[in-house]
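Visitor: Line by line, the protein sequences are chains R and W. Under this note's numbering, the first residue of the first sequence is numbered 117, with each subsequent residue one higher. Under this note's numbering, the first residue of the second sequence is numbered 89, with each subsequent residue one higher.
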Amino acid sequence: MLGSLWLIPTACLAGAVLNLLLGALKAPKTVVTVVGVGSVGAATLATYVALWEYLQQPYSEMIERYFTWISAGAITVNASFQLDPLSAVMLAFVTVVGFLIHIYSIGYMHSESDAGYARYFAYLNLFMFAMLLLVLGSNLPVLFVGWEGVGLCSYLLIGYYYEQAWCAAAGSKAFIVNRIGDLGFLLAIFATFAVFGSAEFGEIFSAAAGHPEQYAGAATLIALLLFVGAIGKSAQIPLYVWLPDAMAGPTPVSALIHAATMVTAGVYIVARCNVFFRLSPTAMVVVALIGGATALFAATIGLAQNDIKKVLAYSTVSQLGYMFLAAGVGAFTIAIFHVVTHSFFKACLFLGSGSVIHANSGEQDMTRMGGLRRFMPTTYWTFLAATLAIAGIPIFAGFFSKDEILARTFAAGATDLNGFGDVYRVLWYLAVGGALLTAFYMFRAVYMTFHGPFRGGEEAEQHLHESPRSMTVPLIILGALSIVGGFIGFPGQLFHKTGWNVIENFLHPVILPLGEAHGAAAAAEDAVHAVSLGTEWLLVGISVAVAVFGWLIARRFYADDGAFALPRALAARLPMAYKLLFNKYWIDEIYVALIIKPVHRSAIFLWRIVDELLIDTLFVNGAAFTVELTGDVLRFIQTGNVRNYALAVAAAALALAAFLW
Amino acid sequence: MTPADMVPVPYTWVLALSAFLFAIGVVGVLLRRNGIAIFLSLEIMLNSANLAFAAFAYRFAGRHATVAAALDGQIFIFFVIAVAAAEAAVGLALFIVLHRLKDSIDVDRANILRW
Numbered sequence: 117m118l119g120s121l122w123l124i125p126t127a128c129l130a131g132a133v134l135n136l137l138l139g140a141l142k143a144p145k146t147v148v149t150v151v152g153v154g155s156v157g158a159a160t161l162a163t164y165v166a167l168w169e170y171l172q173q174p175y176s177e178m179i180e181r182y183f184t185w186i187s188a189g190a191i192t193v194n195a196s197f198q199l200d201p202l203s204a205v206m207l208a209f210v211t212v213v214g215f216l217i218h219i220y221s222i223g224y225m226h227s228e229s230d231a232g233y234a235r236y237f238a239y240l241n242l243f244m245f246a247m248l249l250l251v252l253g254s255n256l257p258v259l260f261v262g263w264e265g266v267g268l269c270s271y272l273l274i275g276y277y278y279e280q281a282w283c284a285a286a287g288s289k290a291f292i293v294n295r296i297g298d299l300g301f302l303l304a305i306f307a308t309f310a311v312f313g314s315a316e317f318g319e320i321f322s323a324a325a326g327h328p329e330q331y332a333g334a335a336t337l338i339a340l341l342l343f344v345g346a347i348g349k350s351a352q353i354p355l356y357v358w359l360p361d362a363m364a365g366p367t368p369v370s371a372l373i374h375a376a377t378m379v380t381a382g383v384y385i386v387a388r389c390n391v392f393f394r395l396s397p398t399a400m401v402v403v404a405l406i407g408g409a410t411a412l413f414a415a416t417i418g419l420a421q422n423d424i425k426k427v428l429a430y431s432t433v434s435q436l437g438y439m440f441l442a443a444g445v446g447a448f449t450i451a452i453f454h455v456v457t458h459s460f461f462k463a464c465l466f467l468g469s470g471s472v473i474h475a476n477s478g479e480q481d482m483t484r485m486g487g488l489r490r491f492m493p494t495t496y497w498t499f500l501a502a503t504l505a506i507a508g509i510p511i512f513a514g515f516f517s518k519d520e521i522l523a524r525t526f527a528a529g530a531t532d533l534n535g536f537g538d539v540y541r542v543l544w545y546l547a548v549g550g551a552l553l554t555a556f557y558m559f560r561a562v563y564m565t566f567h568g569p570f571r572g573g574e575e576a577e578q579h580l581h582e583s584p585r586s587m588t589v590p591l592i593i594l595g596a597l598s599i600v601g602g603f604i605g606f607p608g609q610l611f612h613k614t615g616w617n618v619i620e621n622f623l624h625p626v627i628l629p630l631g632e633a634h635g636a637a638a639a640a641e642d643a644v645h646a647v648s649l650g651t652e653w654l655l656v657g658i659s660v661a662v663a664v665f666g667w668l669i670a671r672r673f674y675a676d677d678g679a680f681a682l683p684r685a686l687a688a689r690l691p692m693a694y695k696l697l698f699n700k701y702w703i704d705e706i707y708v709a710l711i712i713k714p715v716h717r718s719a720i721f722l723w724r725i726v727d728e729l730l731i732d733t734l735f736v737n738g739a740a741f742t743v744e745l746t747g748d749v750l751r752f753i754q755t756g757n758v759r760n761y762a763l764a765v766a767a768a769a770l771a772l773a774a775f776l777w
Numbered sequence: 089m090t091p092a093d094m095v096p097v098p099y100t101w102v103l104a105l106s107a108f109l110f111a112i113g114v115v116g117v118l119l120r121r122n123g124i125a126i127f128l129s130l131e132i133m134l135n136s137a138n139l140a141f142a143a144f145a146y147r148f149a150g151r152h153a154t155v156a157a158a159l160d161g162q163i164f165i166f167f168v169i170a171v172a173a174a175e176a177a178v179g180l181a182l183f184i185v186l187h188r189l190k191d192s193i194d195v196d197r198a199n200i201l202r203w
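(1) Measuring CA to CA, which of R:G318, R:A324, R:G300 and R:V344 is closest to V311 (chain R)?
(2) Ends of the alpha helix (DSSP H) at Q578 (chain R)?
(3) Do you know how far the Cα of W282 (chain R) is from the Cα of A638 (chain R)?
(4) Below 8 Å on the Cβ atoms is my contact criterion, and I expect V402 (chain R) with L340 (chain R) to pass it. Report the Cβ-Cβ distance as a whole number of Å.
(5) Does the distance from the C-beta atom of T160 (chain R) to that of F215 (chain R) stay below 7 Å?
(6) Are the Cβ atoms of S583 (chain R) and S431 (chain R) separated by less than 7 Å?
(7) Using the C-alpha atoms, what's the distance from A679 (chain R) back to F673 (chain R)?
(8) What three-state label does DSSP hand W185 (chain R) in the structure shown?
(9) For a contact defined as C-beta to C-beta under 9 Å, what are the partners of L201 (chain W) on chain R?
(10) Give the range of the beta strand (DSSP E) segment to which F197 (chain R) is assigned.
(11) Tell me, please, which residues DSSP counts as bridged to G253 (chain R).
(12) Determine, using beta carbons only, whether Y668 (chain R) and L419 (chain R) come nearer to each other than 7 Å.
(13) Among residues of its own chain, excluding the 5 on either side of Y271 (chain R), which ones have a beta-carbon nearer than 7 Å to its beta-carbon?
(14) Would you call the segment 686-703 of chain R and the segment 547-559 of chain R in contact, with 3 or more CB pairs under 8 Å?
(15) Mind checking F243 (chain R): buried by the 16 CB within 10 Å criterion, or exposed?
(16) Please report the straight-line C-alpha distance between I132 (chain W) and L745 (chain R), rounded to a whole angstrom.
(17) List the whole-angstrom C-beta distance separating F460 (chain R) from A411 (chain R), where the pair is believed to meet the contact cut-off of C-beta under 8 Å.
(18) Quick one: what's got a C-beta closer than 8 Å to S322 (chain R)'s C-beta in the same chain, skipping five residues either side?
(19) Applying a beta-carbon distance threshold of less than 8 Å, which residues of chain R neighbour V114 (chain W)?
(20) For A633 (chain R), which residues of its own chain have a beta-carbon under 7 Å away from its beta-carbon, when the five flanking residues on both sides are left out?
(21) What are the residues in the segment 177-199 of chain W lying within 9 Å of chain R by C-beta distance?
(22) Near I186 (chain R), which residues of its chain fall below 6 Å by C-beta distance, leaving aside the five closest residues on each side in sequence?
(23) In this structure, does DSSP put I711 (chain R) in helix, strand or coil?
(24) Inspect the beta-carbon positions of L118 (chain R) and A166 (chain R) and report whether they are closer than 7 Å.
(25) Which bits of chain W does R759 (chain R) rub up against, with CB to CB less than 9 Å?
(26) In chain W, what lies closer than 7 Å to A762 (chain R) by C-beta?
(27) What's the gap between the Cα of G179 (chain W) and the Cα of R197 (chain W)?
(28) Just verifying my parser: in three-state terms, what is the DSSP assignment at A633 (chain R)?
(29) Between which residues of its own chain and F775 (chain R) is the CB-CB distance below 7 Å, once the five residues before and five after are set aside?
(30) Would you say the segment 582-596 of chain R touches the segment 429-449 of chain R, given that touching needs at least three Cβ pairs under 8 Å?
(31) Can you give the Cα-Cα distance for L729 (chain R) and V715 (chain R), rounded to whole angstroms?
(32) Could you please give me the residues that DSSP links to E180 (chain R) through a beta bridge?
(33) Mapping the DSSP letters down to three states, classify E728 (chain R) as helix, strand or coil.
(34) Mind checking A181 (chain R): buried by the 16 CB within 10 Å criterion, or exposed?
(35) Using DSSP with H/G/I as helix, E/B as strand and the rest coil, what is F319 (chain R)?
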């Protein structure tokens, strides 16, 4: 497969095109399923063959050039793909998670109309194509095509139930908010061309890493612009508002696009361009600050949400914050490690919530659920496994990655990384607080959904059932990955066995060594080794204690108590705080008042005053009116009297003669 | 008086006569209301121009060796006469139509094409 990587995304594109045609032909669901799932299955198979071949050879960056895409003056952009450890890791989990979610969709979407089913799979296949393009692209423009492609598919799939106005609006919101970030990304591409004359990853990174002093300023600019794009795509403060609304789409879409893959594209681009970020202490601290703040902020909102998908959405925003925090303290490999484990357990959680919603005939409010573990044991156990993973309970996947992020943040504070030690120390407290809240709100969701008595009424209780095999099998696989997936990043350094940390060692070559001159950035490399082994074990203990503590509070508050007496009492004691969290800090309303309303008003001003009054009335109709008025006055010169005309001609001739004299 | 005794008229006198005739024509066109009279005035103007052509042809005949230069002005006169004849035909037809409509060829009464 090496040498024809293009087959991988093309298989998905072919599936998308075929499914669009099948939808137009009103083909039966079986055919659509074969094409939709088969194409992604083929892509997955091709990916793993390619990865297996890739691992057989010594480390290298495989670059495959297909054709010249853009050639303008000194700038040449090739359509080319790149296989290196980073894209290999991304490929490995994107295809598997994508394939599992395609299988899950067969069961979840079976009650849709034939045309709707085909449309759904066409969009989902198109998404896989764009995501693979994003991961494989060997330069910024190719990556950008994938970046915009996943945004388009996100929009299409959020608005899948477009008959409902609020779903269509949620799709538009996601698209427009992402557009703000994309502007930053585009400017970053332009800046890269301006500074390096190329956007090929290999060329720009080796140039920047080779001459750190020369490119430090440009790196800060490019890194910050790229991060603006990442903020939009990965739903960080202040552009996170689209992600909770994106839950309007079908649940497998939330799992695939808005939890496991697309939203991690921002983390991917930061890790991919780690050279620029490491050259710029400012960019690093900005990334860490935004990530850390988002991690805690979104977690607090998650505390008071009753919609199961909203809880997971805010949880995703919060976890993405952890990934950026990791990147911001220089632990890019850990960020990618968390992307991978997160894709396992968050996809599992979303698919589990989809299974719950499916059983509850579309009900998403957890206060109208409860006791579901009796009815759907498979969903319960997989959901629980994923919850243990996200909460950071030892041996589960999320424990390894999240613990590593906390440790590296602590190390950054302890070693005074880039002179921003105080910032990183504060961020460590935020991150630990976020971990506590994560454990709490996730176990709250588990207890509200699966424990206690069923609160949805007798009639709904009759309909409760375990989901079909096509949905439970992906759940079991993802649940298993949530349990064991973390061992690819086993923190071997705790046992003096660094070789055990497979993913860190595999990804390490992607972190290019910088030139000698840059001491500050080089310090980030060694930050993790600057903390003693005892301290590291203490940090592990703290993160486990925090997770267990959050679990215990949730248990005390929500387990086996259908009335929620304790949390209600707490909410009554702190009405302001509860309202603040329940209404998500009124951020959407603040954005409406501060941004959307003024924009709307200025649009109305441009419409009514500038367009209608100034241009239409004054310029267009005004010109015509002036001509008409002039004509009205001048026509009185036409007396109809021949001798007047003759006099005018004679006088003019005389005047001409006098002039020429 | 034999031709040898005759003193040639200076061409400037002829030009002065031409200008005088032209002025008469202009005044006639401006002041007369009768269409035919205006037409006559117009013919006077055209013929004053012809006279000027003839004067210049006579004047330049002595200076230039070529026959063509002397003939230029005289040929032009024939053109003007031809055009004037054609114009007279059209003009007279116009006045006949005007007379049918208004029972008069007073040009001041032909004023319906105005605001």
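Backbone N, C-alpha and C fix where the C-beta goes; we use that ideal spot for every residue, glycine too.
Guide: On the basis of the supplied data:
(1) R:A324
(2) E574 to H579
(3) Only weak support is given to the placement of A638 (chain R): the predicted model assigns it a pLDDT of 49, under 50, and the value that follows is read from those uncertain coordinates. Roughly 49 Å separates the two Cα atoms.
(4) 7 Å
(5) yes
(6) no
(7) 10 Å
(8) strand
(9) Q754 and G756
(10) I191 to L199
(11) R:F197
(12) The question names Tyr, but residue 668 (chain R) is Leu in the sequence shown. Result no, Cβ atoms of L668 (chain R) and L419 (chain R) do not sit closer than 7 Å.
(13) G287, A290 and F291
(14) no
(15) buried
(16) 42 Å
(17) Contact flag wrong, Cβ pair sits at about 19 Å.
(18) L628
(19) A766
(20) At A633 (chain R) the pLDDT is 44, less than 50, meaning the model places this residue with poor confidence and gives no usable figure here.
(21) V195, D196, A198 and N199
(22) V193
(23) helix
(24) yes
(25) V117, L118, L119, R120, R121, I126, V195 and D196
(26) V117 and L118
(27) 16 Å
(28) Interpretation of A633 (chain R) is limited by its pLDDT of 44, a score under 50 that renders its predicted location unreliable; the figure taken from the coordinates is listed afterwards. A633 (chain R) falls in the coil class under three-state DSSP.
(29) none
(30) no
(31) 19 Å
(32) R:F197
(33) helix
(34) The residue asked about is misnamed: residue 181 (chain R) is Arg in this sequence, not Ala. With fewer than 16 Cβ atoms within 10 Å of its Cβ, R181 (chain R) is classed as exposed.
(35) In the sequence on display, residue 319 (chain R) carries Glu and not Phe. Residue state, collapsed to three classes: helix.
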